[in-house]
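Notes for the one structure printed next.
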Amino acid sequence: MQTVRGKVSKIKVLKLSTHPLVHFKIDDVSCLIASHSLNFLYDVKEDSQIVVCGYSNSRNQFVVKKYCVINTPMPA
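According to the working numbering, the stretch in the sequence shown is residues 59 to 134, in order.
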């Protein structure tokens with residue numbers, strides 16, 4: 059498994075179902091998460107610092123299997 063670390067931007071829900079499909083970017087890497095996506099939407103906000111583990115698919119998107127939130131931005 060590969061790891062990617064950075065700042066989250068552009069969080070978007072692509073598919074609503076029992077396990078929503080969520081697309082987001084870490085710096086300039088496109089990422090997808092389906093497993094634990096509801097927890098991800100609750101834990102992670104724009105500009106959060108996270109580390110994700112997973113693999114790259116055929117479309118060069120990073121498919122996330124595990125994530126860990128390092129730092130969340132303070133509300134204004």
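The beta-carbon is built from N, C-alpha and C at its ideal position, and this holds for glycine as well.
Item, Value
"L79 - partner residues in DSSP beta bridges", "K73"
"Closest residue to N148 among S116, K124, F120 and D105 (Cα-Cα distance)", "Residue 148 lies beyond the residue range present for the chain, which begins at 59 and ends at 134; the question has no answer from this structure."
"Proximity winner among I69, K73 and I91, relative to C111 (alpha-carbon distances)", "I91"
"C-beta contact flag for F120 and S88 at 9 Å", "yes"
"Limits of the unbroken beta strand (DSSP E) element including N158", "A question about residue 158 goes unanswered here, because the residues of the chain that appear run from 59 up to 134."
"Proximity test, F98 beta-carbon vs the ligand ATP heavy atom, cut-off 8 Å", "Ligands in the displayed structure: none, and consequently the ligand ATP is not present."
"DSSP state of R63 mapped onto helix, strand, coil", "strand"
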